[in-house]
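S.K.: Numbering-wise, the sequence shown is residues 23 to 278 according to the numbering used here. Sending over a structure as structure tokens; questions will come in a sec.
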Amino acid sequence: MDIKGASAIVTGGASGIGAASARRLANRGAKVVIADLKAEDGEKIAAEIGGTFVAVDVTDTGQIEAAINAAVELGPLRAVVNSAGIGWAQRTIGKDGEFASAHNLDLYKKVIAINLIGTFDMVRLAATAMSRNEPNENGERGAIVNLASVAAFDGQIGQAAYSSSKGGVVGMTLPVARDLSAVGVRVNCIAPGLIDTPIYGEGPESEAFKAKLGESVLFPKRLGIPDELASMVEELITNSYMNAEVVRVDGGIRMP
Ligand code: NAD
């Protein structure tokens, strides 16, 4: 699918995988809206790629609508990348030795609200806008890529909320892809492994981080870089025959 002259939205586009994806889509000629909480970083990326920053909290439907309206002003909305997300927030057991204090419900709900419900809210509203586009020669009106995680498929320490949210992103992507085939909107999902971005609050020196890196099957062992994810985002947006797929981009860290 050609996205030259079309608009695109990248949530979480102020950092990491989102920023790298925004650069890739801009290189393809799309007019990119960076939709993120972080105004300073978002404005910087937008200026670099000739895009537009819109302050968006993906848990706020009105702000998602504002980003979609801003994009549609620039051109038909043909590409959406849902990269906004938070992670790595829990201990296994609370300092008091209690499981419940580490896994408090407020935290659980926050992770689900941002990573899963925020993603779905953008999907449903963006798909509605895309369904008004003129179809291209393949009958396509748009394409959406959701960022899940290999955490959707495994059981890592302290990841109950994160794995639930990312398993939900996979579970949501597949039926939605079927629903949206009726209007020519493709929906795919990427499951990254361990990518070098600011998302790991505890950072590369943490034991959990080192343990995960230790599982790498690449030699030498290394993290992925954001552009290695962004190239798959670009492929899934532009390859007209990719639909309802969940692609692991993880250097083999979670081979089945
Ligand atoms: P990052 O922290 O570099 O970027 C995430 C961006 O999302 C940030 O700019 C942040 O401001 C934004 N964001 C957070 N909450 C938001 C909200 N409520 N509304 C709008 N924006 C919000 O992280 P990243 O590593 O680039 O992660 C991108 C996506 O990939 C996330 O969904 C993450 O869960 C997923 N992922 C990352 C990794 C990894 O190893 N880095 C692995 C698996 C999955």
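Even glycine gets a Cβ: it sits at the ideal position worked out from N, Cα and C.
Going by the DSSP bridge assignment, what does Gly31 pair with across the sheet?
M.R.: With the sequence shown as reference, residue 31 is identified as Ile, and Gly is not the correct amino acid for it. DSSP, once it has assigned bridges, lists Val55, Val102 as partnering Ile31.
S.K.: Tell me the residue span of the beta strand (DSSP E) that contains Asn168.
M.R.: Per DSSP, Asn168 belongs to the beta strand (DSSP E) from 164-169.
S.K.: What's the gap between the Cα of Val145 and the Cα of Asp63?
M.R.: If I take the Cα positions, the gap works out to 24 Å.
S.K.: If I measure Cβ to Cβ from Gly161 and keep anything under 7 Å in the same chain, skipping five residues before and after, which residues do I get?
M.R.: For Gly161, where only same-chain residues beyond five positions count, the Cβ hits under 7 Å are Gly206.
S.K.: Suppose only complete runs of 4+ residues qualify. What are the alpha helix (DSSP H) ranges in the stretch 167-201, listed by chain order?
M.R.: For the stretch 167-201, not a single whole alpha helix (DSSP H) run of length 4 or above is found.
S.K.: Using a 10 Å radius around the Cβ and a threshold of 16 neighbouring Cβ atoms, would you call Asn210 buried or exposed?
M.R.: Under this definition Asn210 is a buried residue.
S.K.: Go to Ala204, then tell me how far its alpha helix (DSSP H) extends in each direction, as first and last residue.
M.R.: Segment: none, Ala204 is in no alpha helix (DSSP H) and carries neither H nor E.
S.K.: With hydrogens ignored, establish whether the beta-carbon of Lys132 is closer than 7 Å to any heavy atom of ligand 1.
M.R.: Flag unset: Cβ of Lys132 not near ligand 1.
S.K.: Could you tell me if Asn49 is buried or exposed, where buried requires 16 or more neighbouring beta carbons within 10 angstroms of its beta carbon?
M.R.: Asn49 comes out exposed.
S.K.: Among Ile217, Phe142, Ala122, Val76, which one has its Cα closest to the Cα of Ala30?
M.R.: The shortest C-alpha separation from Ala30 is found at Val76.
S.K.: Candidates Ile166, Asp118, Lys132, Ser186: which alpha carbon is nearest Ala173's?
M.R.: If we check each option's Cα against that of Ala173, Ser186 comes out closest.
S.K.: Determine the DSSP secondary structure at Ala266, reduced to helix, strand or coil.
M.R.: Residue state, collapsed to three classes: coil.
S.K.: Less than 7 Å separating the Cβ of Ile166 from some heavy atom of ligand 3?
M.R.: Among the ligands in the structure shown, ligand 3 does not appear; only ligand 1 can be found there.
S.K.: Note the first and the last residue of the continuous beta strand (DSSP E) segment covering Ala77.
M.R.: Run containing Ala77: 74-77, per the beta strand (DSSP E) assignment.
S.K.: Starting from Ala36 and walking both ways along the alpha helix (DSSP H), at which residues does that stretch end?
M.R.: Run containing Ala36: none; DSSP gives neither H nor E here.
S.K.: For Pro242, which beta-bridge partners are listed by DSSP?
M.R.: Pro242 pairs with nothing; no bridge assigned.
S.K.: State the DSSP-derived secondary structure class of Asn137, mapped to helix, strand or coil.
M.R.: The answer is helix: DSSP assigns Asn137 an H, G or I state.
S.K.: Under 7 Å: does the beta carbon of Lys60 sit that close to some heavy atom of ligand 1?
M.R.: Yes, ligand 1 has a heavy atom inside 7 Å of this Cβ.
S.K.: Which residues in the same chain have their Cβ closer than 7 Å to the Cβ of Arg163, if we skip the five residues on either side of it in sequence?
M.R.: Only Met152, Ser153, Asn155, Pro157, Val205, Gly206, Val207 meet the Cβ criterion.
S.K.: Is Thr81 near ligand 1, going by C-beta to nearest heavy atom under 7 Å?
M.R.: Thr81: yes, Cβ under 7 Å from ligand 1.
S.K.: For Val94, does the three-state DSSP call read helix, strand or coil?
M.R.: Note: Val94 maps to helix in three-state DSSP.
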